[in-house]
Amino acid sequence: METRSQWGTRAGFILAAVGSAVGLGNIWRFPAVAYDNGGGAFLIPYLFALLTAGIPILILEFTMGHKYRGSAPLTYRRMNKKTEFIGWWAVLVAFVISTYYSVIIAWAMSYSVFSFNLNWGSDTGAFLMGDYLKRTVAPGELGSLVPGVLIPLILVWVITLGILFKGVKKGIEIANRIFIPALVIVFLIIVIRAITLPGALDGLEAFFTPDFSRILDPEVWVAAYGQIFFSLSIAFAIMITYSSYLPKKSDLTNNAFITGFGNSSFEILAGIGVFAILGFMAGQVGVPVDEVVSAGVGLAFVVFPEIINQFPGLNALFGFLFFASLVLAGLTSLMSISETYISGLMDKFKISRGKAVAFGGGTAALISLLFATQGGLYLLDAADYFINQFGVALLGLIEVVLIAWVLREIKNLKEHANEISDIKLGSWWTVSLSFITPIVLGYMMYGLFKLNLLKQFTGEENTTGNYEGYSDAFILWGGWAVAAGALIVGIIMAITKWKKPSANEEENLKKEAQ
406 METRSQWGTR AGFILAAVGS AVGLGNIWRF PAVAYDNGGG AFLIPYLFAL
456 LTAGIPILIL EFTMGHKYRG SAPLTYRRMN KKTEFIGWWA VLVAFVISTY
506 YSVIIAWAMS YSVFSFNLNW GSDTGAFLMG DYLKRTVAPG ELGSLVPGVL
556 IPLILVWVIT LGILFKGVKK GIEIANRIFI PALVIVFLII VIRAITLPGA
606 LDGLEAFFTP DFSRILDPEV WVAAYGQIFF SLSIAFAIMI TYSSYLPKKS
656 DLTNNAFITG FGNSSFEILA GIGVFAILGF MAGQVGVPVD EVVSAGVGLA
706 FVVFPEIINQ FPGLNALFGF LFFASLVLAG LTSLMSISET YISGLMDKFK
756 ISRGKAVAFG GGTAALISLL FATQGGLYLL DAADYFINQF GVALLGLIEV
806 VLIAWVLREI KNLKEHANEI SDIKLGSWWT VSLSFITPIV LGYMMYGLFK
856 LNLLKQFTGE ENTTGNYEGY SDAFILWGGW AVAAGALIVG IIMAITKWKK
906 PSANEEENLK KEAQ
């Protein structure tokens with residue numbers, strides 16, 4: 406097998422893997438999911454999901470990438486030529502995510518600047534939708550490009566592609582060595598300040614108070630598995646790609662445990678910070694904490710600016726630190742997401758990293774302009790929902806079923822991991838991947854298809870209707886077409902012939918790998 410780039414140190418790989426896993430969802434999704442599903446009691450199914458799905462799949466993907474030494478498409482091809490399209494499907498899912506994820510980072514970049522003068526004013530919702538995003542069009546309409554989003558978006562891509570151009574050791578590893586410690590320090594400052602605010606204890610009590618009656622609710626367990634699944638960067642080519650750059654002697658299982666628990670530790674830290682601040686806000690406006698709990702874009706860009714307005718002091722500094730943490734978390738994830746298709750292009754077409762970054766990253770940057778328009782938020786919302794539910798989650802189900810039951814690769818992969826790892830894999834790993842994870846993900850996918858297909862294709866009146874009430878036409882092209890398009894393009898890429906490098910290209914590729 407050809408010479409491949411390698412991480413400089415084990416710490417560099419772990420920081421990069423944790424950096425990929427720790428993203429915007431840790432900060433704005435986990436706290437609300439935990440609160441809505443039993444508070445402190447949610448940590449029981451959450452930990453169970455981490456140990457039976459999150460870490461087992463991390464070990465699986467670390468081992469796949471390490472054993473077969475390639476990007477996701479090349480790894481699947483080396484396992485079985487007929488499965489190459491699954492690797493490309495995963496890469497295309499990552500490609501789609503990178504096009505809109507970059508835009509959210511651009512928003513955070515803008516808001517870190519807005520923080521200095523609290524430009525969002527007293528009506529933070531109106532500022533976001535009106536003054537900043539200029540959302541004056543209906544769903545399905547794009548309108549014109551928004552300069553306030555376009556300028557930071559260009560900066561996001563310049564930073565990301567500049568780092569990726571430098572390669573694995575000199576680019577991604579060095580960037581994560583800077584960004585991840587900076588993110589942890591910044592967020593610790595935020596949490597320490599948050600827990601000293603008046604009302605913070607009320608927020609923490611709301612977050613951690615266990616509702617053990619929810620433990621028997623199957624939907625709580627599905628929510629726990631969903632959170633673990635979506636927050637660990639598994640099933641869409643990232644961890645396979647990153648682990649393919651590991652040296653031959655690498656402790657795969659230990660790396661997976663460190664990555665999994667590192668990600669979860671940050672999520673819980675984020676939950677403490679977010680709910681301490683929400684407790685402060687609830688006290689300021691005189692309402693219960695549950696009335697101010699929010700998630701996603703609304704939490705980060707509407708609720709938090711409103712809270713920052715009410716801070717007893719140093720509003721601007723706190724605002725800057727919060728949005729800077731979003732930028733740092735976002736950039737480390739965007740780097741890893743983009744590396745999947747850059748690595749895939751390099752393997753398939755035997756081109757240099759520079760060409761792969763220019764073509765793959767440049768194409769993603771151009772497509773991201775769609776989300777920087779006046780109607781970009783609608784498109785982002787639909788694309789994010791469908792590519793995650795019917796891209797990432799469905800891929801995860803297919804991955805474990807394929808490897809455990811179709812290719813019967815579990816035994817071979819277990820032997821490979823055990824040869825070089827301190828923590829030996831036993832029956833818990835086999836059972837988790839062969840039974841527990843497929844059953845839970847299968848149940849999740851059944852519920853998602855039922856929810857999203859019944860109304861649209863059967864016309865049943867007792868369903869909840871389209872996602873967010875969007876029109877059938879918009880859901881079709883803004884949601885289903887995006888998710889299906891990733892699969893279709895993945896199949897096309899798989900049937901494209903692999904290029905053999907010329908002597909000069911082979912020499913250049915070896916130099917890049919050093």
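Heads up, the sequence shown is in this note's numbering, so the first residue is 406 and it goes up one at a time. Note that beta-carbon positions come from the ideal geometry of N, C-alpha and C, so glycine has one too.
Checklist entry - What do you get for residue 905, buried or exposed, if any count of 16 or more other CB atoms within 10 angstroms of its CB means buried? => result Classification of residue 905: exposed, given that the 10 Å Cβ count is below 16.
Next on the checklist: Assuming residue 456 is part of the alpha helix (DSSP H), what are its boundary residues?
Outcome noted: Counting along the chain, no alpha helix (DSSP H) covers residue 456, and no H or E run does either.
Next on the checklist: Measuring straight from C-alpha to C-alpha, what distance separates residue 775 and residue 561?
Outcome noted: If I take the Cα positions, the gap works out to 15 Å.
Next on the checklist: Using C-beta distances below 8 Å, list every residue in its chain close to residue 777, excluding the 5 sequence neighbours before and after it, in chain order.
Outcome noted: Within the same chain, residue 777 has close Cβ partners 508, 511, 550, 551, 554, 555 and 558.
Checklist entry - Between residue 842 and residue 657, which are expected to be in contact by the criterion C-beta below 8 Å, what is the C-beta distance as a whole number of angstroms? => result Residue 842 to residue 657, Cβ: 18 Å. No contact.
Checklist entry - For residue 810, does the count of other Cβ atoms within 10 angstroms reach 16, so buried, or fall short, so exposed? => result Within 10 angstroms of the beta-carbon of residue 810 lie fewer than 16 other beta-carbons, which makes it exposed.
Checklist entry - I think residue 417 touches residue 620, with their Cβ atoms under 8 Å apart; what is that distance to the nearest whole Å? => result With a Cβ gap of about 40 Å, residue 417 and residue 620 do not count as contacting.
Item to check | residue 744 vs residue 579 beta-carbon contact at 8 Å | outcome: With respect to residue 579, residue 744 sits apart: the two C-beta atoms are not nearer than 8 Å.
Next on the checklist: According to DSSP, simplified to helix, strand and coil, what is residue 919?
Outcome noted: Interpretation of residue 919 is limited by its pLDDT of 48, a score under 50 that renders its predicted location unreliable; the figure taken from the coordinates is listed afterwards. DSSP places residue 919 outside both helix and strand once states are collapsed to three, so it counts as coil.
Checklist entry - Mapping DSSP to helix, strand and coil, what is residue 818? => result Three-state result, residue 818: helix.
Checklist entry - Mind checking whether residue 464 and residue 628 have CB atoms under 8 Å apart? => result Between residue 464 and residue 628, the gap from beta carbon to beta carbon reaches 8 Å or more.
Checklist entry - Can you give the beta carbon distance from residue 876 to residue 732, rounded, assuming they're within the 8 Å contact cut? => result At roughly 34 Å, the Cβ-Cβ gap does not stay under 8 Å, so residue 876 and residue 732 are not in contact.
Checklist entry - What are the boundary residues of the alpha helix (DSSP H) that includes residue 792? => result Run containing residue 792: 781-792, per the alpha helix (DSSP H) assignment.
Next on the checklist: Within a Cβ cutoff of 6 Å, which residues of the same chain sit near residue 708, ignoring the five residues on either side of it in sequence?
Outcome noted: Within the same chain, 699 come within 6 Å of residue 708 by CB-CB distance, once the 5 residues on both sides are set aside.
Checklist entry - Is it the case that the Cβ atoms of residue 588 and residue 730 are separated by a distance below 8 Å? => result In this structure, residue 730 lies closer than 8 Å to residue 588 by Cβ.
Item to check | Sequence-distant residues of the same chain with beta carbon closer than 8 Å to residue 414, five excluded per side | outcome: Result list for residue 414: 578, in chain order.
Checklist entry - Are the CB atoms of residue 458 and residue 641 nearer to each other than 8 Å? => result Against a cut-off of 8 Å, the Cβ pair of residue 641 and residue 458 comes out as no contact.
Next on the checklist: Please report the straight-line C-alpha distance between residue 666 and residue 542, rounded to a whole angstrom.
Outcome noted: Straight across, the Cα-Cα distance linking residue 666 with residue 542 is about 43 Å.
Checklist entry - For residue 869, is the classification buried or exposed, using 16 other Cβ atoms within 10 angstroms of its Cβ as the cut-off for buried? => result Reliability fails at residue 869, whose pLDDT of 49 lies under 50, so the model's placement of it is uncertain and no value is given.
Checklist entry - For residue 359, which of helix, strand or coil comes out of DSSP? => result Here the chain comprises residues numbered 406 to 919, so residue 359 is not present and cannot be evaluated.
Checklist entry - Where DSSP assigns a beta bridge to residue 778, which residues make up the other side? => result Bridge partners of residue 778: 550.
Next on the checklist: To test your reading of the DSSP string, which unbroken alpha helix (DSSP H) runs of 4 or more residues are found completely within the region 635-697?
Outcome noted: DSSP runs (the alpha helix (DSSP H)) wholly in the region 635-697: 643-648 and 657-690.
Checklist entry - Is the beta carbon of residue 582 less than 8 Å from the beta carbon of residue 420? => result Yes, the Cβ-Cβ distance between residue 582 and residue 420 is below 8 Å.
Next on the checklist: My assumption, with CB atoms under 8 Å, is that residue 802 sits in contact with residue 852. Please give the rounded CB distance.
Outcome noted: A Cβ-Cβ separation of about 12 Å leaves residue 802 out of contact with residue 852 under the 8 Å criterion.
Next on the checklist: Just to confirm my understanding: we take residue 406, look at its own chain, exclude 5 residues before and 5 after, and list those with CB closer than 7 Å. What are they?
Outcome noted: Its pLDDT being 40, under 50, residue 406 is placed unreliably by the model, and the measurement read from it follows with that caveat. Within the same chain, residue 406 has close Cβ partners 474.
Item to check | Spatially closest choice to residue 816 from 798, 492, 797 and 838, by CA coordinates | outcome: Considering only alpha carbons, the answer is 838.
Next on the checklist: Applying the 10 Å Cβ sphere with the 16-neighbour rule, what's the burial state of residue 704?
Outcome noted: Residue 704 comes out buried.
Next on the checklist: Am I right that residue 791 and residue 888 are in contact with their C-beta atoms under 8 Å? What's the rounded C-beta distance?
Outcome noted: Indeed, because the Cβ distance is near 4 Å, the residues count as touching under 8 Å.
Item to check | 8 Å Cβ cutoff met for residue 525 and residue 710 | outcome: Going by C-beta atoms, residue 525 is nearer than 8 Å to residue 710.
Next on the checklist: Across the region 444-452 and the region 607-621, are there enough close Cβ pairs to call them in contact, namely three or more that are closer than 8 Å?
Outcome noted: Output reads yes: the region 607-621 touches the region 444-452.
Item to check | Straight-line Cα distance separating residue 681 from residue 855 | outcome: Each residue's Cα considered, the two are about 37 Å apart.
Checklist entry - Apart from the five residues on each side of it in sequence, which residues of its chain come closer than 7 Å, Cβ to Cβ, to residue 769? => result Correct list, in chain order: 500, 503, 504 and 743.
Next on the checklist: For residue 728 and residue 591, what's the separation of their Cα atoms in angstroms?
Outcome noted: C-alpha separation (whole angstroms): 10 Å.
Checklist entry - Shortest alpha-carbon distance to residue 449 belongs to which of 598, 748 and 625? => result Comparing Cα positions, the closest option is 625.
Checklist entry - What residue range is occupied by the uninterrupted alpha helix (DSSP H) comprising residue 905? => result From DSSP, residue 905 is part of no alpha helix (DSSP H); its letter is neither H nor E.
Item to check | Close-in-space but distant-in-sequence residues of the same chain around residue 721 (CB under 6 Å, 5 per side omitted) | outcome: For residue 721, where only same-chain residues beyond five positions count, the Cβ hits under 6 Å are 520 and 521.
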